[in-house]
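Residue numbers (this note's numbering): 1445 to 1691. Ideal Cβ positions, reconstructed from N, Cα and C, are used throughout, including at glycine. First comes the structure, then the notes that go with it.
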């Protein structure tokens, strides 16, 4: 796979990225780095990497990182935040890591109201392992394990994690965003900043779900993948604030 040069921004390391062309992981990394820099939190932030395409997220964002076992990032983040309550702690997880093997971890962390932030990347497929159906794969969407498309009768419907977790009292703020165009880019940046600021105020768990592309496993060009996020994914996963609890 050819390497793409990631242009360094505030809070970013000047290194090549391993992501596929058109993948939105790099854009989210940059947003996180910029927001941490703006909040003067780069020296106090601790990120928790997932197992998945973003396993090397700590190579790109210029703050401290830990690596968690598959799906266990919320447990690691809980330990870090409870022992270092002054740190800005966030997990960065994909739909396999968070919504599948790690579903119990994130649900109980939110139930307890653990005061860290979850950045959830939803690309509706398993990217790193070859394009298998994920808990977030849309009805009718094809994957390597659903060659005829996800079937409601056989597989059930995809899970809306932001809505599910927002039923729990420990969730203080949850918002779903995408990066399909510049307007949504700025909304995503604003949501990440708000989630971090609310964490710093100690209000409870904060959660940002980002609808992301996976052009390689979707079999689309990067522009078509962005359009699919905007025109198709967002119909099932509505953009906007899902929950904002009063302080």
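A direct Cα-Cα distance of roughly 39 Å separates residue 1460 from residue 1689. Residue 1631 and residue 1651 have their C-alpha atoms some 14 Å from each other. At the C-beta level, residue 1531 and residue 1479 stay beyond 7 Å of one another. In this chain, residue 1528 is not harboured by any alpha helix (DSSP H), its DSSP state being neither H nor E.
The three-state reading of DSSP puts residue 1559 in coil, since its state is none of H, G, I, E or B. Taking 7 Å as the cut-off, the Cβ atoms of residue 1635 and residue 1674 do not count as close. Rounded to the nearest angstrom, the Cβ distance from residue 1492 to residue 1456 is 18 Å, too far for a contact under 8 Å.
If you draw a straight line from the Cα of residue 1643 to the Cα of residue 1534, it is about 9 Å long.
Scanning the region 1602-1690 for uninterrupted alpha helix (DSSP H) segments of 4 residues or longer gives 1605-1610, 1626-1644, 1659-1662 and 1666-1672, listed from N- to C-terminal end. Residue 1582 counts as buried, since at least 16 other C-beta atoms from the protein chains shown sit within 10 angstroms of its C-beta.
Measuring C-alpha to C-alpha distances from residue 1507 to each of 1648, 1550 and 1488 identifies 1488 as the nearest. Contact between the region 1554-1562 and the region 1577-1597 is absent, with fewer than three C-beta pairs closer than 8 Å.
Contact annotation: the region 1567-1583 does not touch the region 1512-1522, with fewer than three C-beta pairs closer than 8 Å. In its chain, beyond the 5 residues on either side, 1492, 1510 and 1512 have a beta carbon closer than 7 Å to the beta carbon of residue 1520. Secondary structure note for residue 1481: it is in no beta strand (DSSP E), and the uninterrupted alpha helix (DSSP H) holding it is 1469-1482.
With a 10 Å radius around the Cβ and a threshold of 16 neighbouring Cβ atoms, residue 1577 comes out buried.
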